[in-house]
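Chemist:
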Amino acid sequence: MKIRVLGCHGSQLPNHNTTSFLLGKNILIDAGAITQVLTLRQQLLIDYILVTHAHLDHVRDIMFLADNLCYAKRKTPLRICSSRGILESIHRHLFNNVIWPDFSRIPSAKNPLVKFEILSPGRQKTLGDWRVRAIPVHHT
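According to our numbering, the sequence shown is numbered sequentially starting from 55.
In structure tokens:
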């Protein structure tokens, strides 16, 4: 399995992207650097984003990715996976129809472009060919 570092910097500078790791072709750990690194064809392959925490350097490209997938008329949802609190923060503060459209209701609530999936601490979840387990940690 190939792991590609799309970014691992705490801020954005030329050739220094914020945090994002691509596992294989369809799973991201964090979403700090997606749309400026991956082609649209590569972006369309992303099925899951595992979000470690809701700091902007780890989530900033989720909105732009959703926008690109919407305009490309993607038929399957992008699944954003994390703890309940992190997902609530992303939804409340980013996908809120103020900062960005609520893609969990576009094109419709029954057929959304973005789905939020809770990862319960300690429980294993299968994402495609991967099995993941959320482990709570403290980050300032």
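Ideal Cβ positions, reconstructed from N, Cα and C, are used throughout, including at glycine.
Does the beta carbon of L119 come closer than 8 angstroms to any beta carbon on chain D?
Modeler: Included in the structure is just one protein chain, with no chain D present.
Chemist: What would DSSP say about V191, mapped onto helix, strand or coil?
Modeler: The answer is coil: DSSP assigns V191 none of H, G, I, E or B.
Chemist: Does R114 pass the burial test, meaning 16 or more other C-beta atoms within 10 Å, or should it be called exposed?
Modeler: R114 should be labelled buried.
Chemist: Report the residue from I172, F149 and T130 whose alpha carbon sits nearest the alpha carbon of N165.
Modeler: Of the candidates I172, F149 and T130, the one whose C-alpha sits nearest the C-alpha of N165 is T130.
Chemist: Using 10 angstroms around the beta-carbon of L123, count the other beta-carbons present and answer buried if the total reaches 16, otherwise exposed.
Modeler: So L123 counts as buried.
Chemist: Would you grab the beta carbon distance between L98 and S136 for me? Rounded to a whole angstrom, and I think it's under 8 angstroms.
Modeler: Contact flag wrong, Cβ pair sits at about 22 angstroms.
Chemist: Please classify N71: is it buried, with 16 or more other beta-carbons within 10 angstroms of its beta-carbon, or exposed?
Modeler: Buried: at least 16 other Cβ atoms inside 10 Å.
Chemist: DSSP on L77, reduced to helix/strand/coil?
Modeler: Three-state result, L77: strand.
Chemist: By the DSSP assignment, the alpha helix (DSSP H) with S136 in it spans what residues?
Modeler: Where S136 is concerned, there is no enclosing alpha helix (DSSP H), although the beta strand (DSSP E) it sits in stretches over L132 to S136.
Chemist: Among the residues of its own chain, which have a CB less than 7 angstroms from the CB of G78, if the five just before and after it don't count?
Modeler: Contacts found: M55 and K56.
Chemist: Within the same chain, show all residues whose beta-carbon is closer than 7 angstroms to that of F170, passing over the 5 residues directly before and after it, in chain order.
Modeler: Here the set comprises I134, L141, H145 and S158.
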